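In the numbering used here, the protein residues as written are 19 to 265.
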């Protein structure tokens, strides 16, 4: 119920913004805006410290019986507030708009209180919680970057481990492939040497058989004795008688 007793156009969950406060680390809180009517409802978010927070979307239109999520981000603080107390506040304004109205088509005076249309307001307080107490919080409507950081780091580490494992497996497969190539090469060389030795041996055996066969054949056949034809001519008696030796 609103302050004037009318039914609220929209409801907001959670009813307060809680941020995990850490120096030099931003955090965010998600607000769920639910349209409780059969009309198109426009909303706008305002804050007392616009420089400290980043709101997206800060203006929008929710369809009938539909919902929308608003993310409010606390910029990275540089110092702790006194007693961790926060005095910042948020104001969520809502009003009925014509059907099929787009957020870019909203007039500038849509949320002007001086207009005749009904404008409802919902105030939200801001609370800071320490990282040690965030695990004890029962409100699931807020998250922080510090919450997601370990998950992100673990996911990145897991990806790195998987990459390293893949690289190691690739190197191992490459080594096994090189080993198989060398082994096959050695087998090919051994086969070639055995084949070559067998061929040389067979050739040597064949040559030895041929030589043995030739030698055996030469021993078994009689040797041919060459015949020399001789001719005898009559020997004439030498007549030395009657030859005078000149003086």
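Heads up, the beta-carbon is just placed ideally off N, CA and C, and yes, glycines get one too.
Remember, predicted model here, so these are calculated numbers, not experimental data.
Point to revise | With 16 other Cβ atoms within 10 Å as the buried cut-off, status of residue 40 | key: buried
Point to revise | C-alpha gap between residue 76 and residue 85, whole angstroms | key: 15 Å
Point to revise | Boundaries (first-last residue) of the beta strand (DSSP E) holding residue 111 | key: 107–115
Point to revise | Chain-order list of residues whose beta-carbon lies under 7 Å from that of residue 127 (same chain, five-residue window excluded) | key: 133
Exercise for review: Go through its chain and collect everything with a Cβ distance to residue 58's Cβ below 8 Å, but skip five positions before and after it.
Suggested key: 79, 80, 81, 82, 114, 115, 116, 117, 118 and 119
Review point. Would DSSP call residue 186 helix, strand or coil?
Key: helix
Check your understanding: Are at least three pairs of beta-carbons, each pair with one atom in the region 129–146 and one in the region 98–114, less than 8 Å apart?
Key -> yes
Exercise for review: With a threshold of 16 other CB atoms inside 10 Å of the CB of residue 106, please say whether the residue is buried or exposed.
Suggested key: buried
Practice item. Let me know the secondary structure DSSP gives residue 197 once reduced to three states. Key: helix
Check your understanding: Can you tell me where the beta strand (DSSP E) with residue 97 in it begins and where it stops?
Key -> Careful: residue 97 lies outside any beta strand (DSSP E) and carries neither H nor E.
**Study point:** residue 177 vs residue 90 beta-carbon contact at 7 Å
**Key:** no
Point to revise | Straight-line gap, residue 95 to residue 62 (C-alpha atoms, nearest Å) | key: 25 Å
Review point. Helix, strand or coil: which one does DSSP assign to residue 103?
Key: coil
**Study point:** First through last residue of the beta strand (DSSP E) which encompasses residue 28
**Key:** 28–31
**Study point:** Closest residue to residue 33 among 202, 145, 225 and 189 (Cα-Cα distance)
**Key:** 145
Check your understanding: residue 3: buried (16+ other C-beta within 10 angstroms of its C-beta) or exposed?
Key -> Summary: the structure shown does not reach residue 3, with the chain confined to residues 19 through 265, and so no result is reported for it.
Exercise for review: Give the DSSP-derived three-state secondary structure of residue 67 in the structure shown.
Suggested key: coil
Review point. Does any C-beta atom of chain C lie closer than 7 Å to the C-beta of residue 139?
Key: Checking the listed chains, one finds no chain C in this structure; it contains a single protein chain.
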